[in-house]
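Going by this note's numbering, the letters in the sequence shown line up with residues 1049 to 1992, in that order.
All C-beta atoms in this analysis are idealised placements derived from N, C-alpha and C, irrespective of residue type, glycine included.
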Amino acid sequence: MMQSFGNNVNEFWNHFTLYFKMSSLSLPRVLQQRKTSLEQERENFEKTQGVSISKAINQVENPVKEKHVRSAILGTFHEKCAETFWAVVLRLPLQENRIAAWKFCHVLHKILREGHPQSIPDSFRHVGYLEDLGKLWGHLRDCYGKLIQEYCSLLTVKINFHRRNPRIPGNLILSSAELDTIGDNDVNNYFQLCVEMFDYMDEILTLQKSIFGSLDMSRSNSMTSCGQCRLAPLIPMIQDSSQLYDCCVKLLFRLHASLPPDLLAGHRARFLGQFKLLRAFYQSASVLQYFKTLIQIPSLPENPPNFLIQSDFGTYVTPVVILPPEEELPPELPETGDLVDLVTSPSMSNGNTSPDILAEKDSLIDHLQTELSRYHTEMTTMMKEHQREMKELSERINSLEGQLINKNSELLEEKRIKEELIQQAETAVKTQELEKKAEEEKFQKLKDFYTKLRDEHIVLIRQKADVDRQLSTMKSLELDANEKAKLEELARELATLQASADAANEQNMILESRLDFITKEKCQKENEIQDLLTQKDDLDVRLQLVNKELKDSQEFLKMQFTKVLGESHEIVKNAVREVDNPAFSSATCSIDYFTNLAEGLEGCLGCLEQTVTIEQIIRLAHRTAEFVLFGKATSNTSPDIEFGERMGSKCKEVGEECIKLLCDCKLDSSANVSMMKKSIADLVTMVVSLQSSLQASSVSVGDLVETELAAMDKAIEEAAKKIEEMLSHSRQADSGIKLEVNEKILDSCTGLMQAIKILIQKSRILQAEIVAQGKGTASVKEFYARNHQWTEGLISAAKAVAMGATYLLEAADEVVGGGGGKIEMVIAAVHGISASTAQLVAASKVKAKYGSNSLYELTTASKGVTQATAGVLTTAKACVQLVEQSDDFDVTELSPYNVKRLEMEAQVKVLELENLLAKERLRLAALRRQHYALAPEADQLNQV
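Here's what the structure looks like:
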């Protein structure tokens, strides 16, 4: 029983222990699943930041991706510090991998520049880590080790610089006012700040020199990933250096204005050295293809500023670094401002605009215009270079065509010679075969004859031998005389046979020599035939080479022809696109010049109908592009906007017909040429109609401008005199509050009229300057007629000013003269005359040359009108309050019933006034719409 109980206890204890272990294991898991939403969000944020920073600072030798850096920057704004960034960075293998260390320096530089302002204070305690990291990599002889050491030194200097100057932002962007605030207008502060900026600039220049020195033309250049990895940090360095250069220039001018030049000689020498290095740095970076789409590098002048001459500060241009817009960020809305501010008081308007800000804006505008001029010059140079290349290409093509013609003629001549040689060879072979056959037959006959003679000779020799044998026999037997006679006869016969044998031998020798000659001649003929066959083979090889060269020439000509067609098509297509470019709407062209272009284009089409060459295609493309663009410029001179738009559409139609013609130039293009000629003729007809209308309206428009401007001057003068008369009359006839109100209103209106008179005077001066600069050899009336849109705007503005002055006079007369007028009428009149003067200023400034003294004076006069307008409005509102205070009545004596009745009457009056105000607003909107609709008709009636 005890054993059973012990077993049960042990089993229970084992179960309890297992349950306790399971509980202890599952408890953290349960607690982990119960995180709050803030903790979960924080965990997700840290995880996302860790991934982005790790992707940005990786070990691959390529430039840091902007999207990962942007994510890290946004993370600093999300948590309003850089603690997460440093927590992730310190866990990365920066001391083991050189690429990761180099990318860390780049990312940290971006964080310090563009991250949350708290990122710089959070980096103070990590300066020692940066110094140790730089020393570690500095001991290596690898080029990255030296670069990392110098970059860490630069970042250390930047962090310490911002620690000593906490009011300077990380991107170093400071206005003149902020720079004054940071320096507290203290020369000592400016002196010390300038020294610190020089130290900062030295670190940047040292690092950029090392980066460029580490590149080579084989492996590390701007077109390879490893070269771009080294060059990428130059972008924030260019941004920092441009701001440091701007601040140093401003500080040195301030110092030279307060301290002796000898005391600042060291500063000037140090600035001069940095200026030369910085200018060379910008020039070296601007030629690299890698930076073309990433940053617009500023260009410094050839000579540094002369700080000994304070007037040079007025010509100083702030270097501007332009980066492409970020896709993640919404586009910034452009700043807009009214020409005449109707609400702001004079004190407020003067307080919001400082000369330094205006100077910076002007310098920025100057810089942008300089860059625009430079781009225009580069574009013109590129167009000239393109035309030169096209000309050289055309000459090259013409030369190749000539060579091709020569090759064709040579080929034909070679073919003819080959055929003749082949025919001669065949004839010679046939002749040789016939001769050989005849020789063989003759040889065979001689051989047969020789054999026959030889046989006969052998027979005779045998007979001679028999006779000699018989003769010797007879001698030995001493034959008788008869026998001797017989023997002599046989001897004679033997002599005859011997002579025949000798003749046969001689003839045989002649035949053998003849046979040798025939054999030699046969061998010679066979050698000649072999030479002819060898020449034939050589001609076949040469013919193949000529055919191959001809084929290559044809392929090259075909390729060049296709290239020329593509270039010509693009030239005409660009011209057609420029027709719809709003920036081209201000360009103008004389009708006579455009007519000459039409004649040249029609002549080019006539030549194209006869034969199609590359030179003619190029000439057609350029002439068509000129015709389309100058046709659009001619249409801009049309006073009728719809007619001008139709002319522009017709210009595009001519360009499109030319494009079709270029696409079909290899085929029968007579139909397209006819269509293009018809479009040209229609456009010329429209231009002739435009010329007639311009000649008819040129005199009337010019006279109308002078008439309206004179009427405007007269209306302003009469209004000013009338207001002075009303002021004199009111001082004699009125008193008390009425006199005070009338004097204030009339005094403010007098000041407004004086400001408007000055504005009109400056506007007339600027208009005269515009006409003198733009009319050239034409008359003033012709200039107004040529620029009809600007002239109509000027006429409309003059009418508006005259009408506004008349209405202001009438409103003041009713208010002051006791006609029952209200002060609100003066306020409405002031609003109207302010708008009309703004229209006049805008019409005058639209064609003014930037930087003109007359334009500056007009702008100053416009500010005077703004201040005077604000003064009238302020005075009118004060007068309204003064009148309302005088109209207050005493309600203390009223009974409750009368108070309630008057309250109800006041509510009824308020509702009536609100309804009346709504109706009047609708009526005002209808009148404005009708005014806008009738404005063009009224201008046409005035021209007639």
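When we look at the beta-carbon of residue i and count the other beta-carbons within 10 Å, is it buried (16 or more) or exposed?
| i | result |
| --- | --- |
| Thr1885 | buried |
| Ile1370 | exposed |
| Phe1133 | buried |
| Arg1085 | One point to set straight first is that residue 1085 is Ser, not Arg, in the sequence displayed. By the 10 Å Cβ count, Ser1085 comes out exposed. |
| Thr1384 | Note on Thr1384: pLDDT 32, under 50, position unreliable in the model; the coordinate value appears next. Exposed, since its Cβ has fewer than 16 Cβ neighbours within 10 Å. |
| Pro1367 | buried |
| Glu1198 | buried |
| Thr1363 | exposed |
| Thr1418 | exposed |
| His1063 | Note that His1063 scores a pLDDT of 46, beneath 50, so its modelled location is shaky and nothing firm can be said. |
Report the rounded CA-to-CA distance for residue i versus residue j, giving the unit in angstroms.
| i | j | result |
| --- | --- | --- |
| Pro1382 | Gly1123 | Interpretation of Pro1382 is limited by its pLDDT of 35, a score under 50 that renders its predicted location unreliable; the figure taken from the coordinates is listed afterwards. Rounded to the nearest angstrom, the two C-alpha atoms are 28 Å apart. |
| Ala1120 | Arg1327 | 32 Å |
| Ala1916 | Pro1217 | 40 Å |
| Val1589 | Lys1596 | 11 Å |
| Gln1991 | Pro1687 | Here Gln1991 scores only 40 on pLDDT, less than 50, and its place in the model should not be relied on; the value that follows carries that caveat. Going by the C-alpha atoms only, they are around 12 Å apart. |
| Trp1150 | Cys1295 | 29 Å |
| Asp1170 | Gly1163 | 11 Å |
| Glu1458 | Ala1635 | 55 Å |
| Leu1605 | Leu1656 | 19 Å |
| Gln991 | Leu1581 | This structure cannot settle anything about residue 991, because the visible part of the chain is limited to 1049 through 1992. |
| Glu1817 | Gly1899 | 13 Å |
| Arg1575 | Thr1475 | Just to set this straight, residue 1575 is Asn in the shown sequence, not Arg. Going by the C-alpha atoms only, they are around 15 Å apart. |
| Ile1286 | Lys1911 | 39 Å |
| Thr1659 | Cys1652 | 11 Å |
| Lys1512 | Gln1555 | 21 Å |
| Met1557 | Ile1470 | 40 Å |
| Phe1239 | Leu1303 | 7 Å |
| Tyr1641 | Gly1692 | 17 Å |
| Ala1974 | Lys1621 | 45 Å |
| Ala1768 | Ile1804 | 10 Å |
| Arg1949 | Glu1765 | 51 Å |
| Asp1310 | Asp1247 | 21 Å |
| Thr1908 | Pro1630 | 30 Å |
| Glu1144 | Leu1181 | 10 Å |
Do you know whose CA, among the options, lies nearest residue i's CA?
| i | options | result |
| --- | --- | --- |
| Ala1877 | Gly1899, Ala1850, Ala1891, Asp1170 | Ala1850 |
| Gln1011 | Glu1449, Leu1591, Leu1709 | This structure cannot settle anything about residue 1011, because the visible part of the chain is limited to 1049 through 1992. |
| Met1724 | Ser1811, Gly1703, Ser1737 | Gly1703 |
| Ile1875 | Lys1893, Gln1887, Gly1852, Val1889 | Gly1852 |
| Arg1161 | Ala1280, Asn1233, Asp1288, Leu1255 | Asp1288 |
| Tyr1177 | Gly1193, Tyr1192, Leu1142 | Leu1142 |
| Leu1508 | Ala1543, Glu1663, Arg1444 | Ala1543 |
| Ala1846 | Leu1950, Gly1919, His1777, Ala1759 | Ala1759 |
| Met1438 | Phe1609, Leu1299, Cys1153 | Phe1609 |
| Gly1654 | Asp1600, Glu1905, Val1721 | Val1721 |
| Ile1343 | Glu1772, Asn1351, Ala1333, Glu1350 | Ala1333 |
| His1434 | Ile1252, Lys1466, Val1612 | Val1612 |
| Ile1147 | Asn1684, Ser1102, Glu1114 | Ser1102 |
| Glu1569 | Gln1480, Leu1325, Trp1838, Leu1184 | Gln1480 |
| Ser1442 | His1879, His1154, Ile1666 | Ile1666 |
Since residue i contacts residue j with CB under 8 Å, what's their CB separation in whole angstroms?
| i | j | result |
| --- | --- | --- |
| Ile1728 | Leu1649 | 6 Å |
| Gln1331 | Met1249 | In fact, because the Cβ distance is near 17 Å, the residues do not count as touching under 8 Å. |
| Val1175 | Thr1204 | 6 Å |
| Ala1896 | Leu1903 | 4 Å |
Return the first residue and the last residue of the alpha helix (DSSP H) that residue i is part of.
| i | result |
| --- | --- |
| Asp1250 | 1235–1261 |
| Gln1197 | 1191–1212 |
| Pro1284 | 1282–1306 |
| Cys1655 | 1639–1658 |
| Ala1120 | 1114–1127 |
| Glu1705 | 1689–1711 |
| Ser1332 | 1313–1334 |
| Ala1135 | 1131–1137 |
| Asn1092 | 1085–1104 |
| Arg1161 | 1146–1162 |
| Tyr1177 | 1175–1186 |
| Lys1897 | No alpha helix (DSSP H) holds Lys1897; DSSP gives it neither H nor E. |
Under 7 Å: does the beta carbon of residue i sit that close to some heavy atom of the ligand ATP?
| i | result |
| --- | --- |
| Phe1246 | Ligands in the displayed structure: none, and consequently the ligand ATP is not present. |
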